[in-house]
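Shown next, in structure tokens, is the structure this report addresses.
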């Protein structure tokens, strides 16, 4: 993953949608800008936690192989690999909630007419917001499926018919899914960066308009 500061999430509160006069519109949109830092920190934290926890999976698996000769911990669910997966599921759930919020904000903004606000900059934010929501949803959907497949793989190793081929095929499948996740994260990085840039431009224009009044 790139620098964590690259990962951002735009939080646009309902105050943007409950607009009164022209001045109120600008003030409320400007207030949203202040909430972006908080939203950004949360998503960055969750993404980093997800990736860091994922790096702990391999050592947990190696420990299970070394300490559990009959792999009973993979059968009864006590292996650390399952705790690792559960932790990532919880983290992913939080990210999914943020993704849902992005989709809701996009729908709300496209229904709201903001003729008094800078049209070009606002449209850029809306377009970037749509792409960010879609990218985030694609990532979370894929990653959720990957986590389920990892669970099935580790459970299968404790089966009576498990073999070297079972392990080799499973590891290959996990590796392929990991490559897809990495590519999606790169795309998400770029998309969210574009969203940050568009939002910054909108906030700058709003500030200029306020100062000129």
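In the working numbering, the protein residues as written are 223 to 435.
Think of the CB as a built atom: it goes at the ideal place given N, C-alpha and C, for glycine as much as any other residue.
The structure presented is a predicted model; accordingly, all values stated were derived computationally and were not measured.
Take residue i as the anchor and find which of the options has the nearest alpha-carbon.
i: residue 312; options: 273, 432, 394; result: 273
i: residue 321; options: 286, 347, 265; result: 265
i: residue 347; options: 338, 422, 282; result: 422
i: residue 302; options: 377, 411, 403, 418; result: 377
i: residue 384; options: 294, 398, 319, 343; result: 294
i: residue 365; options: 391, 296, 386, 403; result: 403
i: residue 411; options: 400, 399, 291, 353; result: 353
Go through its chain and collect everything with a Cβ distance to residue i's Cβ below 7 Å, but skip five positions before and after it.
i: residue 372; result: 307, 396
i: residue 360; result: 406
i: residue 388; result: 378, 379
For residue i, count the other beta carbons within 10 Å of its own beta carbon; 16 or more makes it buried, fewer makes it exposed. Which is it?
i: residue 434; result: exposed
i: residue 418; result: buried
i: residue 420; result: buried
i: residue 328; result: buried
Does the Cβ-Cβ distance between residue i and residue j come in under 9 Å?
i: residue 284; j: residue 310; result: no
i: residue 314; j: residue 369; result: yes
i: residue 318; j: residue 362; result: yes
i: residue 416; j: residue 350; result: yes
i: residue 288; j: residue 305; result: no
Within 9 Å of any Cβ in chain C, is that where the Cβ of residue i sits?
i: residue 308; result: Of the chains in the structure shown, none is chain C; there is only one protein chain.
Excluding the five sequence neighbours on either side, which residues of its own chain have a C-beta within less than 8 Å of the C-beta of residue i, listed in chain order?
i: residue 340; result: 424, 427, 428, 431
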